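Numbering-wise, the sequence shown is residues 2 to 114 according to the numbering used here. By construction, the Cβ of each residue, glycine as well, lies at the ideal position given by its N, Cα and C atoms. Please read all numbers here as calculations on a predicted model, not as lab measurements.
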Amino acid sequence: MSAAQFQQKYQAIQQLESRLQNFKKEQEETALVLKQIEDIKKSKEDQEDFDQRKCYRSVGGSLVETTAGEVIPHLNQKLEKLSTLVGELQSDYDDLSEEIRQEALEFQKKNQG
């Protein structure tokens with residue numbers, strides 16, 4: 002592997018790591034919001050009325066008025082998609098890390114022998 006190829010792979014792994022961290026943070030924030038909403042819902046006596054409460058969510062940088070009953074399924078779906086994406090990115094990151102590690106070991110063996 003040439004120095005340029007190594008540099009490309011190193012940059013790719015840095016980009017993957019950055020994306021992975023961003024999506025993990027978004028996943029944690031989404032899970033936290035969902036937990037907070039569900040905790041509030043559990044504390045209310047009339048849960049059916051809770052589903053009709055006004056709720057705001059960000060769509061494309063704008064706040065959109067909706068109901069809690071509509072936003073909970075949306076958050077669950079978003080959390081599921083984020084979990085899948087984080088898993089895929091983690092797998093790609095692990096594969097690329099292992100590839101770089103193996104190539105570094107091969108390079109080391111060639112230069113020692």
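Between the C-alpha atoms of residue 98 and residue 37 there is a straight-line separation of about 36 Å. Closest by C-alpha distance to residue 76, out of 56, 104, 108, is 56.
Using a C-beta cut-off of 8 Å, the region 60 to 70 makes no contact with the region 93 to 108, since fewer than three inter-stretch Cβ pairs fall below that distance.
With distances taken between CA atoms, residue 91 lies nearest to 14 out of 106, 14, 80, 8.
Classified as exposed, residue 105 has fewer than 16 neighbouring CB atoms from the shown chains inside 10 Å of its CB.
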